[in-house]
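Undergrad: If you scroll down you'll find the structure; I have some questions about it.
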């Protein structure tokens with residue numbers, strides 16, 4: 014048998030495993046910009062109040078913005094019906110049991126939503142504070158919901174998630190009196206990871222703080238649709 | 004964690020490299036993985052075996068080699084470095100929290116061997 018060893022070549026690659034996803038994500042963002050659609054990547058751990066927050070946000074903004082939602086949670090807590098009941102378009106993404114979404118899956122979802130017709134597309138990422146942070150989905154901004162019962166030390170335990178988030182919603186502030194949740198420490202830990210993060214304490218159930226959050230989102234969409242920045 | 008997901012990304016990238024370099028069979032792939040990249044090497048090997056058989060023709064028999072990059076943190080206040088895994092966020096020299104990771108978060112495809 015002829016040895017084929019001599020034929021083997023070593024190709025130096027020196028490329029990040031995430032490079033192809035990053036490239037794809039930038040293409041997704043470019044397309045979104047051309048079409049005037051703002052994509053928000055919403056992340057959180059399970060049970061943080063994503064469903065309620067998302068529903069209240071949609072109710073508050075649907076008269077002024079055309080909104081679409083992509084559900085990606087493995088076993089989603091906001092199903093297409095709940096969102097459809099609010100009068101906006103929703104689709105379920107199939108992650109095949111994966112712990113995160115990548116730019117390619119997001120792009121497929123955007124096509125399903127009909128991205129050109131929307132002002133605001135919201136991607137409900139898989140409920141997990143680790144893996145979704147590693148993969149750029151192509152979103153314009155990243156948001157996460159941290160709820161009071163989870164504890165103020167979460168930014169220390171999941172540093173990357175807090176590093177990549179543009180806005181952190183601290184939800185369920187109505188239960189603050191019952192938990193040893195130190196709001197100031199929490200803010201400090203978040204800013205330690207990301208000095209540019211916007212922090213908005215909210216209670217989606219009672220509506221407290223929701224105006225500030227909706228203002229933030231409304232302004233982001235406006236900036237994206239008119240400006241050349243971002 | 005997401006070892007399977009990243010293996011799919013590696014396969015995709017390696018297949019592109021193979022195409023560019025006209026390789027028709029991949030013998031091995033060497034990855035460089037930082038200590039705090041969040042990837043567990045043993046899971047990666049398991050996922051690799053399954054994924055290359057399922058998802059690729061040219062990589063079907065390829066082996067996976069892993070080189071570990073140690074995690075090192077730099078303290079901005081005293082300018083000393085220290086091993087991240089042992090001490091975490093707080094500098095063991097001056098107790099400052101004003102520290103950041105300078106290496107150890109990598110996940111790179113170093114080289115591909117094929118013919």
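Residue numbers (the numbering used here), protein chains in the order written: chain A, 14 to 243; chain B, 4 to 118.
Here a beta-carbon is modelled for each residue, glycine too, at the ideal position from N, C-alpha and C.
These figures come from a predicted structure and were not determined experimentally.
Does any residue of chain A bring its CB to less than 8 angstroms from the CB of residue 97 of chain B?
TA: no
Undergrad: Output, in chain order, the set of chain B residues within a Cβ distance shorter than 7 angstroms of residue 28 of chain A.
TA: 16, 111, 112
Undergrad: Consult DSSP for residue 28 of chain B and reduce its assignment to one of helix, strand or coil.
TA: coil
Undergrad: What does a CB cutoff of less than 8 angstroms around residue 188 of chain A pick up in its chain, not counting 5 residues either side in sequence?
TA: 161, 162
Undergrad: Please name the residue, chosen from B:18, B:60, B:72, that lies closest to residue 36 of chain B on a Cα-to-Cα basis.
TA: B:72
Undergrad: I'd like the ranges of any beta strand (DSSP E) spanning at least 3 consecutive residues and lying wholly in the region 132 to 168 of chain A.
TA: 133 to 137, 154 to 160
Undergrad: Hey, how far is the Cα of residue 202 of chain A from the Cα of residue 61 of chain A?
TA: 19 angstroms
Undergrad: Classify residue 243 of chain A: buried if its beta carbon has 16 or more other beta carbons within 10 angstroms, exposed otherwise.
TA: Confidence at residue 243 of chain A is low in this model, with a pLDDT of 47, below 50, so its placement is unreliable and the value that follows should be read with caution. Exposed.
Undergrad: What residue range does the alpha helix (DSSP H) around residue 31 of chain A cover?
TA: DSSP places residue 31 of chain A outside any alpha helix (DSSP H), giving it a letter other than H or E.
Undergrad: Quick check on the DSSP output: what are the complete alpha helix (DSSP H) runs of length 4 or more inside the region 53 to 98 of chain B, in order along the chain?
TA: 87 to 90
Undergrad: Please report the straight-line C-alpha distance between residue 125 of chain A and residue 234 of chain A, rounded to a whole angstrom.
TA: 21 angstroms
Undergrad: Does DSSP put residue 111 of chain A in a helix, in a strand, or in coil?
TA: coil
Undergrad: What's the gap between the Cα of residue 150 of chain A and the Cα of residue 190 of chain A?
TA: 37 angstroms
Undergrad: Residue 51 of chain B: buried (16+ other C-beta within 10 angstroms of its C-beta) or exposed?
TA: buried
Undergrad: Quick check: the Cα distance between residue 69 of chain A and residue 111 of chain A, rounded to an integer number of angstroms?
TA: 28 angstroms
Undergrad: For the structure I just gave you, are there three or more beta carbon pairs, one from the region 9 to 21 of chain B and one from the region 24 to 44 of chain A, closer than 8 angstroms?
TA: yes
Undergrad: When DSSP builds the beta bridges, which residues end up paired with residue 22 of chain A?
TA: Paired residue(s): B:117.
Undergrad: Would you report the Cα separation of residue 49 of chain A and residue 21 of chain A, rounded to the nearest angstrom?
TA: Distance between the alpha carbons of residue 49 of chain A and residue 21 of chain A: 49 angstroms.
Undergrad: CA-CA distance, residue 11 of chain B and residue 140 of chain A?
TA: One C-alpha to the other measures close to 21 angstroms.
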